[in-house]
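Below is one structure; the comments refer to it alone.
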Amino acid sequence: MIISRRSLLKGAAATGTVTALARCSHARERSGALPEAVGMLYDSTRCIGCRACVTKCKEVNGLPFDRDASGIYDTPTDLSSTTKNIIKVFRNGDNHAFVKQQCMHCVDPACVSVCMMGALHKEGSGKRNYPTERKGTGIVLYDKGTCVGCRYCQIACPFNVPKFQWQEAFPVIAKCEMCWHRRDPSQGEPFAIANPACCEVCPREAVIFGMRASLLAEAKRRIVADPKRYNGRIYGEREGGGTQVLYLAPAGVSFKDLGMPDLPAESSAHFSESVSHAPYLYGITPVALYAAMAFVLRRRKKRDDRLQRGGETKR
Amino acid sequence: MIGYGEPQAIGGKLLARPMKTLLAIFAVSLGVMWYRFSAGLGPVSNMTDGFTWGIWEPVNVVVFTGIGAGAYGVGLLCYLLNKGRYHGLVRPAVLAGAICYSLGAASIVVALGRYWNSYWLGVPTLWNLSSALLEVAICVLTYVMVLWVEMLPSFLARISASPSARWKTFGKKWGGRLQQAMPYIIALAILLPTMHQSSLGGLLLIAGPKIHPLWHTALLPTLFLISCLSMGFGAVVVLITILKLTWNVEHDQRLLAEMSRVNAYLLIALVVLRIGDITAGKLWYVGWDLISLLFFVELALFLTPALLFLSHRVKRSRGRLFGASLLAVAAGAVYRVDAYLSVYRPAPGWNYWPSIGEMTVTVGMAALGIAVFILISRMFPVLVVEETATGRPRASESAASR
């Protein structure tokens, strides 16, 4: 018995159909920043690199200070499970520019898209009911109760923000949650939503906290008011589908120089979900395939059984 | 399903020297696992926040399940395309698949940071259906159970043959019921791998900025699906050849060559798809560098076994077919590890090479797999042994002398 050309062709035709269907069905809508979304604006031209934000972040989040081998305080050099916020510097001859790194709180976050049970989720939109959370703020929060530690978030995040506790037997994922725990409901917005310590402590207001929409307007205003000061772009307005933390960089320095990845306007979550959801057609494909296969196999088995019984009686 | 040799238990001593060696290797890896569970992942592995999956996910899950996809491939041929001739290959392929997939699932538990939370996966309201990994997790766990259910007829046959009348009726009764349910189980056993093997490729779609463009494409799910079939067919030929040499298991050269011809077309499809993908706007990524070289090495690795499978000399020779099949498995494995690890660059400055501890766990898991395969084939009717001229199976003799 030879695998006939016809059966191979049939298989190819089926694959083709599925692919064609995949092309024409868009399984996922593009999401934009919500009107209530909060965020931060970091202006590299104002930052003096004092690292007050790094220290304050550790303090309010209960993170240990980094120490060298002899136990002396040492400054952290990168984001880690004990450092959720860091200041780095780009140097090019006499030129230099500081850059702050923390969770970007993406408008359409990759980590949230991949998290198996919504341990990483946008505030108020988790898979579990979190009564204290408010919908629409867009803050990406972490719930260790539903995290299995698969670390897919680390693979997915284009900014390499989520960090894992490698030295712990019972580890968690650590990342900036925009000091959501420091919100004060007695105050007006945005402080009723969150209150990032880095913004509070910054002596030069290089990083400020507010509603994303007003921060975006402020960034545009600064560029227009002093076009020679800036490189003219606002990182996070569209990059990777947009982020809720926005960046301004000095003239002559690109965001790539500052270590920000060059991302397309389509979020990687949107790309990945569109490609992988499409063939499923909202779950119809697997059910239909299963039903068809079970039907064919059952009919064939019945026929085989009949043949076998027939053969036995003849004997 | 009439007229084929009946599977039989190989018998023989269970704790022979090879078995002891395999178990010893596994015991060492158990030690590493114990240390991992008490001290955390950092001390035993070279995994970092950049290379967060190390080799456990790319090798223990993605490659092991690729090898285990022989059950899927043979099932497709035998049941869905109704090629009854492949029936003798089903049980060994399903056993190998069940073992590979179980090892993959077990390795994941070792790799998970917060493994004690995994029981939440049983609560569908918590499922984030956007997550390719969730799809893989649920599908693989279900498929592991399906594969072992597919193995149940072997176990029940052994129970039916027991001297106790009670066990005998138990085995016969449930064996019969299982036969009735088989079409539904087999349909599941074909649907689930189709879903999760493509999702293993789909997993990488979201890591677009980190994976080299020659590998990162919307075709990833398709490529992974085809590559699992190719690896699976290759692994079945390798397995049957080894079993022929050790236990004189039935080895039908024409049948295996026929199956490998299908494999040749799959491998050619992989090459065509990948070349088609890069000619559609990615040609300028090809240059004189290691990454491009790796890309062409992969294409050569796909193409070589494909051409070999189509050659008459290879079709006729057991050894040559074995060699070509090994190449096909290697090609799939290299492709998968490359996509997950070799061409994955989280950001400048991150480097990774697996630690001794990580490699020990991978090797230990593989050793356990081989040990379980030997154990089950000795005790239960899985393999069809070739009859010798005297009409008596030779296997039990040779096995007993081991």
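If you read the sequences in order, they're chains Y and H.
Just so you know, my numbering puts the end of the first sequence at 315, numbered straight through with nothing missing.
Just so you know, my numbering puts the end of the second sequence at 1402, numbered straight through with nothing missing.
Glycine included, every Cβ here is placed at the ideal spot set by N, Cα and C.
Treat the numbers as computed from the prediction; the structure is a model and nothing was measured.
Query: State buried or exposed for Asp74 (chain Y), treating a residue as buried only when at least 16 other CB atoms are found within 10 Å of its CB.; Result: exposed
Query: Are any of the Cβ atoms in chain H nearer than 8 Å to that of Leu21 (chain Y)?; Result: Only weak support is given to the placement of Leu21 (chain Y): the predicted model assigns it a pLDDT of 45, under 50, and the value that follows is read from those uncertain coordinates. Leu21 (chain Y) does not count as touching chain H.
Query: Can you tell me whether Gln167 (chain Y) is buried or exposed? The criterion is at least 16 other CB atoms within 10 Å of its CB, across all chains shown.; Result: exposed
Query: Measuring alpha carbon to alpha carbon, tell me which residue in H:Ala1016, H:Leu1239, H:Gly1113 and H:Leu1299 is nearest Val1044 (chain H).; Result: H:Gly1113
Query: So is Glu1057 (chain H) buried or exposed if we call it buried at 16+ other beta carbons inside 10 Å?; Result: buried
Query: Just to confirm the assignment, what range does the beta strand (DSSP E) spanning Gly210 (chain Y) have?; Result: Val207 to Met211
Query: Can you name the residues of chain Y whose CB is closer than 8 Å to the CB of Asn1060 (chain H)?; Result: Correct list: empty, because the minimum Cβ distance to chain Y is about 14 Å.
Query: Just curious, the alpha helix (DSSP H) that Asp1277 (chain H) is in, first and last residue?; Result: Gln1253 to Thr1279
Query: Could you tell me which residues DSSP pairs with Pro250 (chain Y) in its beta bridges?; Result: Y:Tyr230
Query: Can you have a look at Glu123 (chain Y) and say buried or exposed, based on whether 16 or more other CB atoms are within 10 angstroms of its CB?; Result: buried
Query: What span of residues does the beta strand (DSSP E) with Ser97 (chain Y) cover, start to end?; Result: Note that residue 97 (chain Y) is Ala in the sequence shown, not Ser. First-last of the beta strand (DSSP E) with Ala97 (chain Y): Asn95 to Gln101.
Query: Using the three-state DSSP reduction, which class does Leu21 (chain Y) fall into: helix, strand or coil?; Result: Any reading at Leu21 (chain Y) needs caution, since the residue's pLDDT is 45, under 50, leaving its predicted position unreliable; the model's value is listed next. Looking at Leu21 (chain Y) - three-state DSSP - the assignment turns out to be helix.
Query: Using the DSSP secondary-structure output, state which residues sit across from Cys1228 (chain H) in a beta bridge.; Result: According to DSSP, Cys1228 (chain H) bridges with nothing at all.
Query: CB-CB under 6 Å to Cys198 (chain Y), same chain, minus the five flanking residues each way: which ones, in chain order?; Result: Cys53, Cys57, Asn85 and Val207
Query: Name the chain H residues that come within less than 8 Å of Tyr290 (chain Y), Cβ to Cβ?; Result: Ala1187, Leu1188 and Leu1191
Query: Would you call Ala1399 (chain H) buried or exposed, if buried means 16 or more other Cβ atoms sit within 10 Å of its Cβ?; Result: Per-residue confidence for Ala1399 (chain H) stands at a pLDDT of 41, beneath the threshold of 50, marking its modelled position as unreliable; the derived number appears in the next sentence. That one is buried.
Query: Under 8 Å, do Ala1207 (chain H) and Ile155 (chain Y) count as touching if we go by C-beta distance?; Result: yes
Query: Can you confirm whether Phe1322 (chain H), when its beta carbon is compared against all beta carbons of chain Y, has any partner nearer than 8 Å?; Result: no
Query: Between the alpha carbons of Thr1125 (chain H) and Ala278 (chain Y), how many angstroms are there, rounded?; Result: 22 Å
Query: Report the neighbours of Asn160 (chain Y) on chain H: residues whose CB is nearer than 8 Å to its CB, in chain order.; Result: Asp1049, Gly1050, Pro1346 and Ala1347
Query: How is the beta strand (DSSP E) around Arg91 (chain Y) delimited, first residue to last?; Result: Ile86 to Asn92
Query: I'd like to know whether the C-beta atoms of Gly1175 (chain H) and Ala1328 (chain H) end up nearer to each other than 8 Å.; Result: no
Query: Since Leu297 (chain Y) meets chain H, which of its residues come closer than 7 Å, beta carbon to beta carbon?; Result: Tyr1079, Pro1183, Ile1186 and Ala1187
Query: Since Leu141 (chain Y) and Glu177 (chain Y) should fall inside the 8 Å C-beta cutoff, what is the C-beta to C-beta distance between them, to a whole number of angstroms?; Result: 5 Å
Query: How is the alpha helix (DSSP H) around Met1151 (chain H) delimited, first residue to last?; Result: Ala1132 to Ser1160
Query: Going by DSSP, what residue range makes up the alpha helix (DSSP H) through His1196 (chain H)?; Result: Ala1165 to Gly1202
Query: Please name the residues in the stretch 1204 to 1216 of chain H whose beta-carbon is closer than 9 Å to at least one beta-carbon of chain Y, in chain order.; Result: Leu1204, Leu1205, Ile1206, Ala1207, Gly1208, Pro1209 and Lys1210
Query: Which chain Y residues are close to Leu1256 (chain H), counting only those with a beta carbon under 9 Å from its beta carbon?; Result: Within chain Y, no residue comes near Leu1256 (chain H); the closest Cβ sits about 13 Å away, beyond 9 Å.
Query: Output yes if chain Y places a C-beta closer than 8 Å to the C-beta of Thr1279 (chain H); else output no.; Result: no
Query: Taking Cβ-Cβ distances shorter than 8 Å, what residues in chain Y pair up with Leu1030 (chain H)?; Result: By Cβ distance, chain Y contributes nothing, its closest Cβ being about 17 Å from Leu1030 (chain H), past 8 Å.
Query: Beta carbon of Leu1341 (chain H), beta carbon of Ile1138 (chain H): below 8 Å?; Result: no
Query: Considering only the beta carbon of each residue, do Val1271 (chain H) and Leu1299 (chain H) sit closer than 8 Å?; Result: yes
Query: Inspect the CB distances between the stretch 1186 to 1206 of chain H and the stretch 251 to 259 of chain Y and report whether three or more fall short of 8 Å.; Result: no
Query: Between the stretch 1128 to 1149 of chain H and chain Y, which residues of the former have a C-beta closer than 7 Å to a C-beta of the latter?; Result: Asn1128, Ser1130, Ser1131, Ala1132, Leu1133, Leu1134 and Ala1137
Query: Can you tell me where the beta strand (DSSP E) with Tyr1072 (chain H) in it begins and where it stops?; Result: Per DSSP, Tyr1072 (chain H) belongs to no beta strand (DSSP E); it is in the alpha helix (DSSP H), Gly1070 to Gly1075.
Query: Give the range of the beta strand (DSSP E) segment to which His121 (chain Y) is assigned.; Result: Leu120 to Lys122
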